[in-house]
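Before any comments, here is the structure.
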Amino acid sequence: THLTDLSRTISGANVLINAGVDKEKVVIGAAFYGRIFNDVNSNNNGLNQSYASKSSITYTKIKNQYLSRLGTDVNVYYDQYSKAYYLYDSKNRCMISYDSVESIKDISKLSFLYSSIISEISGIKRISEFATVCCLFLK
């Protein structure tokens, strides 16, 4: 259910490299939006639960409507299996999987990669947010 499953991404990149694809041609992208799952049970902090509907949500909305309420009825979690961050909003019973600043840092640290790209930035409304994340990709 994650938007980004870094574990599978790493496995896929390794398959390509081990098959002989030049690592300079293997590129991993980061998306600045999330996937929101609605009417999600709170078991396991919303992870791997059934949901009534899903849609995309911009990073700016995630930041302003959810991350701004951290510690109240919104909490961020890390799925060790998928190596992905997500949040659960207990008030609105929704789970959001998204590329966080932390996940971008994780992607940028993959030593076997030659390059990374930003694949979707329409969800970022302020240039300072974009610049901050771009700096994470510089090696």
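Here the sequence shown stands for residues -7 to 131, where the numbers follow the working numbering. Glycine included, each C-beta is placed from N, C-alpha and C at the ideal position.
Inter-residue spacing [alpha-carbon to alpha-carbon] between residue i and residue j
i, j, result
"Tyr135", "Asn84", "Since the displayed the chain opens at -7 and closes at 131, residue 135 lies outside it and no answer follows."
"Val93", "Gly12", "31 Å"
"Ser47", "Ser34", "19 Å"
"Val7", "Gly26", "26 Å"
"Tyr58", "Ala5", "32 Å"
"Val66", "Lys53", "14 Å"
"Ile88", "Ser3", "23 Å"
"Ala44", "Ile9", "39 Å"
"Asp14", "Lys55", "37 Å"
"Leu62", "Ile49", "17 Å"
"Thr1", "Tyr73", "12 Å"
"Thr64", "Gln41", "22 Å"
Close beta carbons around residue i, own chain, < 7 Å, minus the five adjacent residues each side
i, result
"Cys86", "Ile28, Phe29, Asn30, Val32"
Outcome for residue i when other beta-carbon atoms lying within 10 angstroms are tallied against a minimum of 16
i, result
"Ser95", "buried"
"Ala76", "buried"
"Leu79", "buried"
C-beta contact flag for residue i and residue j at 8 Å
i, j, result
"Asp81", "Phe24", "no"
C-beta neighbour in chain B for residue i, strict 8 Å
i, result
"Tyr73", "Structure shown: chain B not included; a single protein chain is present."
Other residues of its chain near residue i: CB distance less than 6 Å, five sequence neighbours each side excluded
i, result
"Asn37", "Tyr69, Tyr80"
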